[in-house]
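The structure appears below as structure tokens.
Residue numbers (the UniProt record's numbering): 1 to 179.
Below is the structure:
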């Protein structure tokens, strides 16, 4: 069963502690492997996901106030819709930020990687859910001896356990500009 990022850590990286940040250089990767970079980005999904998994396993997300895992450059720098989609995908994969090659890309990158950006409804919902998860977990910890509790939030019934608590804490830290 694969539950933690460390399970994916390649043998050659075990014990390496000197790396402070990583970025995925998509064009270099494509050039060296022959992977075709397409609009769907399917050929890059595995290496991107693997890189962020290995980085997180190595603790690269532990340094404060610095985007430590950087997703690939969006070479279609004038296509804002495509850029936003690529940014959202990178955030879903677990990247902390994204490389930019043009100032026009910065707003989309901020929107995707900051849950507090501009108080958007999605960001607000992320923050409110994180607060609700933390509150429910802490309340249950004081009154019950359970590893998991249920929470009704946003019309959904979700199970909360220690990993969900950690994700909620990270969301709030990022919203406060700590992460």
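Just so you know, even glycine gets a beta-carbon here, dropped at the ideal spot from N, CA and C.
Residue i (DSSP reduced to helix, strand or coil)
| i | result |
| --- | --- |
| residue 161 | coil |
| residue 22 | strand |
| residue 124 | helix |
| residue 38 | coil |
| residue 145 | coil |
| residue 137 | helix |
| residue 76 | coil |
| residue 176 | coil |
Range of the contiguous beta strand (DSSP E) that encloses residue i
| i | result |
| --- | --- |
| residue 70 | 69-71 |
| residue 150 | 149-153 |
Buried versus exposed, by CB contacts within 10 Å (16 or more), residue i
| i | result |
| --- | --- |
| residue 133 | buried |
| residue 109 | buried |
| residue 26 | buried |
| residue 45 | exposed |
| residue 167 | exposed |
| residue 48 | buried |
| residue 145 | exposed |
Endpoints, the alpha helix (DSSP H) within which residue i is located
| i | result |
| --- | --- |
| residue 95 | Unbroken run through residue 95: none, as it is neither H nor E. |
| residue 52 | 42-57 |
| residue 109 | 106-113 |
Residues near residue i in its chain [Cβ-Cβ closer than 7 Å; skip 5 each side]
| i | result |
| --- | --- |
| residue 165 | 133, 134 and 137 |
| residue 52 | 69, 93, 94 and 95 |
| residue 33 | none |
For residue i: DSSP bridge partner residues
| i | result |
| --- | --- |
| residue 156 | 153 |
Same chain, Cβ closer than 6 Å to residue i, neighbours up to 5 away in sequence not counted
| i | result |
| --- | --- |
| residue 158 | 151 |
| residue 59 | none |
| residue 130 | 168, 171 and 172 |
is_contact[residue i, chain C] using C-beta, thresh 8 Å
| i | result |
| --- | --- |
| residue 157 | No chain C is part of this structure, which consists of one protein chain only. |
Neighbourhood of residue i by C-beta distance below 8 Å, restricted to the same chain and skipping five residues each side
| i | result |
| --- | --- |
| residue 89 | 41 |
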